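Engineer: Just so we're aligned: the sequence shown equals residues 2 to 200 in our numbering. A virtual CB, placed ideally from N, CA and C, is assigned to each residue, including glycine. Keep in mind the model is a prediction, meaning the values are calculated, not measured.
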Amino acid sequence: TVLVTALTNRALIEIVEKPALQSLLEEHRIFKTKLSVDEARSMKDLQQAKDVSPLPGNLILSTFYIVSGQAAQTLNEPPFDYVIVDEASQALLGMFGGAKLLGKKNIWIGDTKQLPPVIALSDDKVNRKNYRILVDGLKALSDSALMPIFQLTETHRLTDRAAAYTSLFYNGNLNSRAKKEIRLSFDETAYDIGKFFNS
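Have a look at this one:
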């Protein structure tokens, strides 16, 4: 039993669109909570999940918001074999606690160098009240928890120069694997802006 959760519905749909999940989708084995009319229309094989309950052999997709409500009601053994938290850099610390309540095993996928969750409190209040650990959950866990952490070292999106600059944030471990013959061009942009893009 597998649950995949992410901050947004859009991120969940992007997961469904992955070629690796095509056969599961065609077999009607992928379920999503709060399936919208537009999502159902564009992904005809995607199934509606009534709630965040395990269905053996099927994949359940749900947002952080819905999953955290389910986790709050979980009192016994975790119902899922695996919980995968995508966009984990956008999760509050409590979301990771919820994932542990719901899944016997967890996989958290995120990047501590990306923006932390957006919250309504000012940075001044977060720092004064010492809430940073609660807000930036993935960073708090990666800085202090005893768990295996893996870093991807290849980018298929960034060119060599972009990967080299971005790699400064990752101890020089990021390398470009982008196809050299593919380059983006923006013919509609004015020269003074377009000159910053790779021709």
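#1: Based on DSSP bridge pairs, tell me the residues matched to I31.
#2: In its own chain, which residues sit with a C-beta less than 6 Å from the C-beta of T2, not counting the 5 before and 5 after it?
#3: Closest to G95 by C-alpha separation, out of F170, Q71, A165, D39, would be which residue?
#4: Where do the N-terminal and C-terminal ends of the alpha helix (DSSP H) with G81 fall, by residue?
#5: Which residue comes first and which comes last in the beta strand (DSSP E) that contains A1?
#6: Is there contact here, the stretch 91-107 with the stretch 23-39, by at least three beta-carbon pairs under 8 Å?
#7: To the nearest whole angstrom, what separates the beta carbons of A179 and R158, a pair I think is in contact under 8 Å?
#8: Using only the alpha-carbon positions, how far apart do T64 and K181 sit?
#9: Starting from Q71, trace the alpha helix (DSSP H) in both directions and tell me its first and last residue.
#10: Pick helix, strand or coil for T6, following the three-state DSSP scheme.
#11: Entirely within the stretch 122-185 and at least 4 residues each: give me those alpha helix (DSSP H) ranges in chain order.
#12: Skipping 5 residues on each side, what residues in its chain have a beta carbon closer than 7 Å to that of R133?
#13: State the CB to CB distance for the pair E88 and L8, rounded to an integer number of angstroms; the pair is presumed to be in contact (CB under 8 Å).
Structural biologist: Reading off the structure:
#1: L60
#2: P55, P57, F81, D82
#3: Q71
#4: A small fix is needed here, since residue 81 is Phe in this sequence, not Gly. Not the alpha helix (DSSP H): F81 falls in the beta strand (DSSP E), residues 81-86.
#5: In the structure as shown, the chain begins at 2 and stops at 200. Residue 1 is therefore absent and cannot be evaluated.
#6: no
#7: 6 Å
#8: 36 Å
#9: 65-73
#10: strand
#11: 124-129, 133-136, 138-145, 161-167
#12: V127
#13: 5 Å
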